[in-house]
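Below you'll find the structure, written out as structure tokens, and then a few comments.
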Amino acid sequence: MLSTFTSAAMAEADLKVSGFGTLGGIYNDNDTLNFHRAFTLKATDTAWSWKSDSLIGVQLNASLDEKFDAVGQLVLKDRVSDRFNDNIELLFMRYRPTRDWYVRLGRTHAELYMLSEYRNVGYGYLWARPIPEFYAFSSSISQVDGVDVGFSRRVAGGLLDVKLGYGKSNAVFEGLNTQFEIDLEDVWVFTSQLTFEAWSLRLAAAQAEVDSFTFKAIGLVDGLNQVPSNLWPQASTMASDLTPEGQILNYFALGATYDSDSWVFQSEIGYMHSDWSFLQSFYSGYASIGYRFGDATLYGVVAHIENQNPPLYYQAPNLSPEVPPELSSAIGELYAESQLAINLNRVHQSSFSLGVRWDFYPNNTLKFQWDNINVEEGGTALWSHSFTQEIDTQVNLFSINYSFIFSL
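For the sequence shown, UniProt numbering begins at 1 and goes up steadily by one.
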């Protein structure tokens with residue numbers, strides 16, 4: 001967490017300015033799949049790209065008195081959204097009635113994963129970027145506007161942190177060369193983390209209701225609802241399954257880290273449950289291990305993401321020969337487009353990564369990483385491409401990152 005870099009200085013000053021940045025290049029050897037670090041960011045081009053991993057951020061911590069403080073964080077990166085407000089990652093007021101308790105009001109992170117408080121701070125984690133199989137989906141809804149309550153307590157020789165938050169969230173995404181926007185309401189987030197000696201264990205759970213969703217496929221719902229049930233009975237079922245409003249999304253995650261002497265280990269697993277056919281339930285996870293020698297750390301990562309259930313297929317309309325050809329053709333086209341939209345966001349891929357991190361100077365680091373990614377047929381939701389993938393595909397990514405932090 002960037003605020004930990006400045007906590008000592010905050011005791012001496014009312015205002016503290018700090019920041020971070022990354023200049024990162026990615027080479028993609030696949031000429032059809034464009035890489036997505038996160039859905040709120042634009043996809044990279046094939047060959048070399050310097051946009052996906054590059055960013056700059058600044059954070060202000062203001063200590064108002066013994067019980068009140070405020071935090072603001074602005075991060076500039078290659079976002080899909082062109083709204084300035086989306087660059088504000090953090091903006092909240094915090095009140096500490098006691099040493100153990102606090103209440104925050106404003107924009108905070110959802111904190112569903114181990115990197116919640118420093119996901120944008122490349123200097124703060126081992127790899128070239130957060131593992132896409134786990135973070136591309138989970139970090140896309142990262143900002144929550146609302147309120148949360150937390151407390152810390154010593155338990156069994158360790159420190160227990162528990163938080164419960166409520167609010168709403170909005171995000172503009174890019175996927176499969178298409179932009180879409182989602183509004184979530186009644187966002188509940190619970191996190192619990194236990195830290196003792198070299199270990200840290202984390203449990204997170206969240207629930208949200210889809211308030212609105214803007215995407216071209218949603219226009220299919222109106223068309224499906226206009227098809228008479230006697231012509232195609234399953235049209236209403238497809239329309240209901242595609243309708244976003246009122247859909248409930250549930251997310252659960254477990255994480256663990258071990259960091260002691262030469263060895264560092266981190267692993268997370270997640271599960272997203274949804275009855276919404278446009279965003280089908282999936283499992284994801286990764287395991288990372290690193291070994292330090294001097295100023296360098298060698299590391300390896302394995303990761304996987306896969307939908308829980310097979311693709312959804314609905315019975316095609318079986319129209320009577322008496323149906324006019326124009327109407328029959330329109331219904332057939334509506335079915336094909338709806339079926340494509342339903343399985344548009346399916347994902348199935350595994351990756352293996354090797355890399356080295358070199359802390360060549362205080363607060364500065366270089367990272368070199370190779371990712372070998374196997375993308376299964378029909379499981380390309382983490383990528384942007386212009387046509388349906390009909391065979392399994394392998395992608396190699398080569399990354400070089402320079403990351404830093406600073407304090408003024």
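The beta-carbon is built from N, C-alpha and C at its ideal position, and this holds for glycine as well.
Under 7 angstroms between C-beta atoms of residue i and residue j
i, j, result
"Ser140", "Ala110", "no"
"Ala205", "Phe190", "yes"
"Gly19", "Val75", "no"
"Arg94", "Asp65", "no"
"Ile269", "Leu279", "no"
"Gln369", "Ser403", "no"
"Asp45", "Thr22", "no"
"Leu33", "Trp383", "yes"
"Glu126", "Arg357", "Here residue 126 is Leu; the residue named in the question, Glu, does not match the sequence. Yes, Cβ-Cβ distance for Leu126 and Arg357 is below 7 angstroms."
"Glu326", "His348", "no"
"Tyr299", "Phe134", "no"
"Trp50", "Tyr27", "no"
"Phe151", "Trp101", "yes"
"Ser350", "His304", "yes"
"Ile391", "Asn363", "no"
"Asp295", "Asp359", "yes"
"Arg37", "Arg129", "yes"
"Ala198", "Tyr113", "no"
"Phe92", "Thr108", "yes"
"Val17", "Leu60", "yes"
"Phe137", "Ile182", "no"
"Gly246", "Phe196", "no"
Counterpart residues of residue i in DSSP-defined beta bridges
i, result
"residue 412", "No information on residue 412 is available, as it lies outside the stretch 1 to 408 that the chain covers here."
"Leu366", "Trp358 and Tyr402"
"Met93", "Ala70 and Leu105"
"Tyr123", "According to DSSP, Tyr123 bridges with nothing at all."
"His348", "Glu306"
"Phe178", "It should be noted that the sequence gives Thr, not Phe, for residue 178. For Thr178, which the question treats as bridged, DSSP gives the partners Gly175."
"Leu15", "Ala62"
"Trp50", "Paired residue(s): none; Trp50 is not in a bridge."
"Val144", "Thr108"
"Arg79", "Leu41"
"Asn87", "None; Asn87 has no bridge partner."
"Ser384", "Asn34"
"Phe20", "Gly57 and Ile405"
"Ala128", "Looking at the DSSP assignment, Ala128 forms no beta bridge with any residue, so it has no partner."
Assumed close pair residue i, residue j - CB separation to whole angstroms, cut-off 8 angstroms
i, j, result
"Leu220", "Leu334", "7 angstroms"
"Val210", "Leu184", "6 angstroms"
"Gly167", "Val144", "4 angstroms"
"residue 421", "Ser240", "As displayed, the chain neither begins before 1 nor continues past 408, which places residue 421 out of reach and without an answer."
"Ala341", "Glu174", "At roughly 16 angstroms, the Cβ-Cβ gap does not stay under 8 angstroms, so Ala341 and Glu174 are not in contact."
"Leu115", "Ala62", "Not really, about 25 angstroms apart at Cβ, beyond 8 angstroms."
"Ala256", "Leu201", "5 angstroms"
"Val227", "Ile331", "6 angstroms"
"Gln266", "Ser288", "5 angstroms"
3-residue-minimum beta strand (DSSP E) runs that sit fully inside the segment 194-280, ordered along the chain: 199-214, 248-260 and 263-274
Whole runs of the beta strand (DSSP E) within the segment 290-342, excluding any shorter than 3 residues: 296-307
Inter-stretch contact at 8 angstroms, needing at least 3 Cβ pairs: the segment 273-290 / the segment 242-258: yes
Cβ contact check for the segment 147-164 and the segment 304-316: 3 or more pairs under 8 angstroms: no
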